[in-house]
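First to last, the protein sequences are chains A and B. 1 is the number of the first residue of the first sequence in UniProt numbering; add one for each residue after it. 1 is the number of the first residue of the second sequence in UniProt numbering; add one for each residue after it. Just below is one structure, and these are the notes that go with it.
Number of protein chains: 2
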Amino acid sequence: MTNPTACLLIIGNEVLSGRTQDANLKFLATRLGEIGIPLREVRVIPDVRETIIATVNEVRAKFDHVFTTGGIGPTHDDITAECIAAAFGVPWEPNPEAWERLAAHYARQNPPGDFNTARQRMATMPRGATLIDNPVSIAPGFIIGNVHVMAGVPRIMQAMFEGLAPKLKGGAPVISRALHANGLMEGQLAEGLGRIQAEFPEIDIGSYPYYRPTGNGVALVAKGVDAARVEQATAAIGAFMASLGFPPVEGEPG
Amino acid sequence: MTNPTACLLIIGNEVLSGRTQDANLKFLATRLGEIGIPLREVRVIPDVRETIIATVNEVRAKFDHVFTTGGIGPTHDDITAECIAAAFGVPWEPNPEAWERLAAHYARQNPPGDFNTARQRMATMPRGATLIDNPVSIAPGFIIGNVHVMAGVPRIMQAMFEGLAPKLKGGAPVISRALHANGLMEGQLAEGLGRIQAEFPEIDIGSYPYYRPTGNGVALVAKGVDAARVEQATAAIGAFMASLGFPPVEGEPG
Chain A
1 MTNPTACLLI IGNEVLSGRT QDANLKFLAT RLGEIGIPLR EVRVIPDVRE TIIATVNEVR
61 AKFDHVFTTG GIGPTHDDIT AECIAAAFGV PWEPNPEAWE RLAAHYARQN PPGDFNTARQ
121 RMATMPRGAT LIDNPVSIAP GFIIGNVHVM AGVPRIMQAM FEGLAPKLKG GAPVISRALH
181 ANGLMEGQLA EGLGRIQAEF PEIDIGSYPY YRPTGNGVAL VAKGVDAARV EQATAAIGAF
241 MASLGFPPVE GEPG
Chain B
1 MTNPTACLLI IGNEVLSGRT QDANLKFLAT RLGEIGIPLR EVRVIPDVRE TIIATVNEVR
61 AKFDHVFTTG GIGPTHDDIT AECIAAAFGV PWEPNPEAWE RLAAHYARQN PPGDFNTARQ
121 RMATMPRGAT LIDNPVSIAP GFIIGNVHVM AGVPRIMQAM FEGLAPKLKG GAPVISRALH
181 ANGLMEGQLA EGLGRIQAEF PEIDIGSYPY YRPTGNGVAL VAKGVDAARV EQATAAIGAF
241 MASLGFPPVE GEPG
């Protein structure tokens with residue numbers, strides 16, 4: 001069985017300008033791999049209407065699942081929801097359930113908060129969207145078709161994703177095994193490693209040099225959905241490292 | 001004058017799998033903004049030949065400059081250079097200058113390193129490429145057309161970029177001014193901020209909530225290439241924050 005695929009759209013000028021270090025890619029890449037929906041592409045795009053619409057339509061046709069982060073707050077640059085509505089060709093309109101949750105949230109505050117026009121934007125969604133719960137700050141994300149629209153603030157996005165995760169139908173989880181050795185250089189092992197990769201075409205073998213205060217070296221990582229084959233590839237890599245005079249150490253370098 | 005635009009391609013399974021936290025996006029976004037070549041899109045793509053070729057051809061037609069990171073080492077998964085050659089429809093062949101630099105580098109080592117087939121891959125480039133110096137580990141990057149091919153290891157990529165930067169012809173640098181206030185919430189300011197954005201259409205005004213141990217609040221950032229207009233927009237934002245009862249603090253929250 002082939003695993004379903006995912007694409008992540010990071011929407012926001014603040015990432016493209018260097019103001020904000022993205023913290024969502026690594027989290028979602030890891031969690032989606034565990035669920036068996038490997039991330040196949042990421043795009044970081046600006047808060048520009050035409051770009052968001054065109055990109056959403058391109059990637060929702062190309063991947064099984066699309067996840068977006070960013071642009072669902074109350075301010076003028078939060079245009080993700082209305083762009084997704086336009087991409088799907090449906091009205092962007094108040095979502096009764098989201099409206100009720102937010103109205104109740106502001107009414108509960110002491111003193112009561114103002115559920116003003118700006119905040120009402122956070123309850124305005126493409127017609128037909130279903131909500132993604134936000135246990136941190138209430139304003140929900142939503143799902144329409146295969147597109148999952150989440151907040152950009154990492155703490156909120158992570159809470160949204162964990163609520164969503166049990167409902168996502170993944171394939172076999174991606175299993176990963178790492179070995180490393182200080183002193184080993186990529187140029188020494190490249191040819192032999194290429195031969196091991198050729199023996200295990202369905203396993204993704206990666207070679208990653210590292211530079212640490214405790215020493216330089218190479219980490220070799222085998223990934224795949226067939227646990228037995230990942231083990232076999234890892235054993236072959238370990239034996240090869242030892243044959244070069246570098247006994248392998250389990251895991252990533254510390 | 002309109003500024004030239006840039007697109008970054010981050011090439012590597014290790015970023016898409018969550019193994020590696022990308023550290024190149026923020027660096028390049030910041031430096032390109034300073035040079036006046038704002039980053040308009042980033043794509044993270046896997047080490048898959050067809051994907052690399054198609055993506056390079058799409059983005060080199062769409063943006064003034066393309067920068068790539070990753071996939072130029074000696075191992076089987078380092079396929080960026082041959083894919084770029086295929087994208088440009090030119091042979092992938094030994095580059096005499098790169099070959100000489102690497103041969104000399106391995107000959108200089110004590111004991112001499114082996115300039116083997118795997119390492120020779122790092123001197124094999126698209127015909128017509130010009131080199132990007134690598135003061136850290138010798139193996140050069142290269143430029144072909146408007147595509148700048150750099151290493152994925154941040155220390156090496158940064159050294160390559162700084163050698164390249166003086167030769168890049170940018171537009172006016174993007175100027176950025178930030179104000180913030182603890183206790184302020186986006187929902188309170190969104191409507192007024194939208195009016196300020198409408199008054200300064202050429203200035204990019206962003207609103208970013210923050211959650212810190214020292215307090216929650218909002219940072220407001222004005223960006224643009226016209227310094228006087230950035231100042232005026234910042235003054236308008238500051239006066240508006242004060243009118244809400246939150247005296248603005250200069251800069252980003254600590």
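Even for Gly, the Cβ is constructed at its ideal location relative to N, Cα and C.
- Contact annotation: the region 164-181 of chain B does not touch the region 83-100 of chain A, with fewer than three C-beta pairs closer than 8 Å.
- A/L131 and B/D204 have their alpha carbons spaced roughly 30 Å apart.
- Assignment of B/N216 by DSSP, reduced to helix, strand and coil, places it in the strand class.
- B/A81 is the residue among B/I237, B/H65, B/A81 whose C-alpha sits nearest the C-alpha of B/I53.
- In the three-state reduction of the DSSP assignment, A/L184 falls in the coil class, being assigned neither a helical nor a strand state.
- A/A139 and A/T124 have their C-alpha atoms some 10 Å from each other.
- Cβ-Cβ distances below 7 Å link B/D47 to I11, G12, N13, G71, D77, I79 in the same chain, with the five nearest sequence neighbours on each side left out; the list follows chain order.
- In this structure, the beta-carbon distance from A/R229 to A/E202 falls below 8 Å.
- For A/H148, there is no enclosing alpha helix (DSSP H); the enclosing beta strand (DSSP E) covers residues 147-150.
- Using a C-beta cut-off of 8 Å, the region 179-196 of chain A makes contact with the region 218-228 of chain A, since at least three inter-stretch Cβ pairs fall below that distance.
- Looking only at B/I35, B/V66, B/E250, the smallest Cα-Cα distance to B/N146 is reached by B/V66.
- A/T117 is bridged by DSSP to nothing; it lacks a bridge partner.
- Against chain B, a Cβ distance below 9 Å from A/L179 picks out nothing, because the smallest value is about 13 Å.
- Taking a beta-carbon distance threshold of 8 Å, B/N116 counts as an interface residue toward chain A.
- If you draw a straight line from the Cα of B/S176 to the Cα of B/I144, it is about 32 Å long.
- In the three-state DSSP reduction, B/A222 falls in the strand class (E or B).
- A residue is called buried once 16 or more other Cβ atoms fall within 10 Å of its Cβ, and B/D114, having fewer, is exposed.
- In the three-state DSSP reduction, B/M122 falls in the coil class, being neither helix nor strand.
- Contact check for A/A227 and A/I237: beta-carbon distance about 16 Å, past the 8 Å limit, so the pair fails to qualify.
- When the beta-carbon positions are compared, B/R43 and B/T55 come within less than 8 Å of each other.
- Boundaries of the alpha helix (DSSP H) around A/A86: 80-88.
- Between A/T68 and A/L25, the beta carbon gap of about 12 Å keeps them out of contact (Cβ cut-off 8 Å).
- Listed in chain order, the non-local C-beta contacts of B/P38 below 8 Å within the same chain comprise N3, T5, A6, L32, V174, local neighbours out to five positions each way being set aside.
- Per DSSP, the beta-bridge partners of B/Y208 are B/A219.
- CA-to-CA, the gap between B/S243 and B/C83 works out to about 56 Å.
- A/M157 has its alpha-carbon roughly 32 Å from the corresponding atom of B/R49.
- Boundaries of the alpha helix (DSSP H) around A/L164: 154-164.
- Taking all protein chains shown into account, A/A107 has fewer than 16 neighbouring C-beta atoms within 10 Å of its C-beta and is therefore exposed.
- For the region 32-49 of chain A, the set of residues with a beta-carbon nearer than 7 Å to any beta-carbon of chain B comprises G33, L39, R40, E41, V42, R43, V44, I45, P46, in chain order.
- Neighbourhood of B/N13 in chain A, by CB distance below 7 Å: D204, G206, in chain order.
- Taking C-alpha positions only, B/P111 is separated from B/S17 by approximately 37 Å.
- B/A178 is positioned such that its CB atom lies no closer than 8 Å to that of A/P74.
- Interface with chain A (8 Å Cβ-Cβ cutoff): B/D226 is excluded.
- Boundaries of the beta strand (DSSP E) around A/T69: 65-69.
- DSSP places B/I10 in the strand class (E or B) of the three-state scheme.
- Residue-level contact by beta carbon fails for A/A54 and chain B, as no gap is shorter than 8 Å.
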